[in-house]
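*Asks:* Take a look at this one; I'll ask things after.
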Amino acid sequence: MFHFAKKRLLSLAVASVAFSFLLGSSSVYAHDFWVNASAPKKDLVKAEIGYGHDFPNPEPIAEGRVHLFDSLQLIKPDGVLKLKQVGENYAYQEKETLKKGSYIVTGTYLPTFWSKGSDGWAQKSRAQRPDATYCEKVTMFAKTILNVSESTSDEFVTKPIGQELEIVPLVNPAKVKPGEKFPVQILFNGKPLRTAKVSATFGGFSDREYKAFSGRTDLKGYIDIIPLKAGYWYAEVEHKYGYEDKNVCDEVVLISTLTFNIND
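Under this note's numbering, the letters of the sequence shown match residues 36 to 299, in that order.
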């Protein structure tokens, strides 16, 4: 029975790799967006914006896009701490004493119009660029689970934090072992998003066109991500809908990511 289950999980992973390859995107938001955070040292909380093609490694953000990102935030049970940008333009930190527990660090790629025309993509709406053949308004949300002093607490990290599109873990991923189910719920404006495609991968897995897991939420927005390997994981969901004024733009695109560690 054990060997059958392992083979079935492997088949699911292989199928998802092929499926993800077929759905490769050529859109402007082809850059992945995620957040890294490390355990505090000497009461210094450090976090990074990941924006590029080499998860989990951050890279300098192009000067023309730095303004698209809000400051990273540390979400605690008793409030929100805005981190300060220090050093590389993707690096943030702040002094804060954190007791043993589980916290959330978030990032936001601010709502941005992107249009495509004969000379490529530009940060403009259709109204600003009459020759545009397509326009999308993109917003991205990212969060990561920060477990301090080996905490595995579910109490805080399993609650929604209010992102417009959000991946909500139903257990602390620190409790999940390779091959086990990691249940999450996808929310859009606080309500379950049904049949949404969710993909996941881990650092060092192939290249960005492939994913280690892919599936769709049920009618209540639930899905079990199956991390087959220990490591640092990245889960992503996307939701699109029509922009209300087609003279301004065609679509609204929302993307949300969750990064988490799976330990042996």
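Even glycine gets a Cβ: it sits at the ideal position worked out from N, Cα and C. Values in this document were obtained by computation on a predicted structure and should not be read as measured data.
Suppose you measure from the CA of Tyr269 to the CA of Phe237; what does that come to, to the nearest Å?
*Replies:* Using only the alpha carbons, I get a separation of about 6 Å.
*Asks:* Strictly by DSSP, which residues pair up with Asn296?
*Replies:* Asn296 pairs with Tyr267.
*Asks:* Leaving out the 5 sequence neighbours to the left and right, which residues in its chain are closer than 7 Å to Leu222 when beta-carbon positions are compared?
*Replies:* If we look at Leu222 and ignore the five residues flanking it on each side, its Cβ neighbours are Pro195, Glu201, Val203, Leu228 and Gly256.
*Asks:* Look at Pro213 and Ala265 and say whether their C-beta atoms are less than 8 Å apart.
*Replies:* Yes, the pair counts as a contact, with Cβ atoms nearer than the cut-off.
*Asks:* Does the CB of Tyr257 have a neighbour CB from chain C at under 8 Å?
*Replies:* Looking at the structure shown, chain C is missing, and only one protein chain is on hand.
*Asks:* Is Thr174 near the ligand SAM - that is, is its Cβ less than 7 Å away from at least one heavy atom of it?
*Replies:* Ligands in the displayed structure: none, and consequently the ligand SAM is not present.
*Asks:* Determine, using beta carbons only, whether Ser186 and Lys135 come nearer to each other than 8 Å.
*Replies:* A contact, by the Cβ cut-off of 8 Å.
*Asks:* Taking 7 Å as the limit between beta carbons, can you name the residues of its chain near Pro208, skipping five residues before and five after?
*Replies:* Hits under 7 Å: Ile180, Phe217, Phe295, Asn296 and Ile297.
*Asks:* Is it right to say Thr292 is buried, meaning 16 or more other beta carbons lie within 10 angstroms of its own, or is it exposed?
*Replies:* So Thr292 ends up on the buried side.
*Asks:* So is Lys119 buried or exposed if we call it buried at 16+ other beta carbons inside 10 Å?
*Replies:* Counting Cβ neighbours within 10 Å, Lys119 comes out exposed, since fewer than 16 surround it.
*Asks:* Taking DSSP's pairing of strands, which residues face Asn71 in a bridge?
*Replies:* In the DSSP output, where bridge partners are listed per residue, Asn71 has Glu83.
*Asks:* What is the DSSP secondary structure of Asp66, reduced to helix, strand or coil?
*Replies:* Asp is not the amino acid found at residue 66; the sequence shown has His there. The answer is coil: DSSP assigns His66 none of H, G, I, E or B.
*Asks:* I want to know whether the stretch 124–143 touches the stretch 152–160 - three or more CB-CB distances under 8 Å.
*Replies:* No contact exists between the stretch 124–143 and the stretch 152–160.
*Asks:* Is Pro165 helix, strand or coil by DSSP?
*Replies:* It is coil, neither helix nor strand.
*Asks:* Are the CB atoms of Asp105 and Leu145 nearer to each other than 8 Å?
*Replies:* For Asp105 and Leu145, yes; Cβs fall inside 8 Å.
*Asks:* DSSP puts Asn92 in a beta bridge; with which residues?
*Replies:* Bridge partners of Asn92: none, in fact.
*Asks:* Per DSSP, Gln191 forms a beta bridge with which residues?
*Replies:* Looking at the sequence shown, residue 191 is not Gln but Phe. Beta-bridge pairing links Phe191 to no other residue.
*Asks:* Report the residue from Glu171, Asp253 and Glu279 whose alpha carbon sits nearest the alpha carbon of Leu289.
*Replies:* Of the candidates Glu171, Asp253 and Glu279, the one whose C-alpha sits nearest the C-alpha of Leu289 is Glu171.
*Asks:* Return the residue from the list Ala65, Val173, Glu83 and Glu190 that minimises the CA-CA distance to Lys111.
*Replies:* Checking every option, the nearest Cα to that of Lys111 belongs to Glu190.
*Asks:* Across which residues does DSSP place Glu129 in a beta bridge pair?
*Replies:* Bridge partners of Glu129: Val80.
*Asks:* Indicate the three-state DSSP secondary structure (helix, strand or coil) for Ala247 in the structure shown.
*Replies:* If DSSP states are grouped into helix, strand and coil, Ala247 belongs with coil.
*Asks:* For Asp67, collect the residues of the same chain with a Cβ closer than 8 Å to its Cβ; drop the 5 residues on either side in sequence, then sort them by chain order.
*Replies:* Excluding positions up to five away in sequence, the list reads Gly85, Tyr86, Gly87, His88, Phe90, Arg243, Tyr269, Glu271 and Thr292.
*Asks:* Residues in its own chain within less than 6 Å of Pro303 by CB, not counting five upstream and five downstream?
*Replies:* Residue 303 lies beyond the residue range present for the chain, which begins at 36 and ends at 299; the question has no answer from this structure.
*Asks:* What residue does the beta strand (DSSP E) around Pro262 start on, and which one ends it?
*Replies:* Here Pro262 belongs to no beta strand (DSSP E), and DSSP marks it neither H nor E.
*Asks:* Kindly indicate which three-state DSSP category Pro204 falls into: helix, strand or coil?
*Replies:* Strand.
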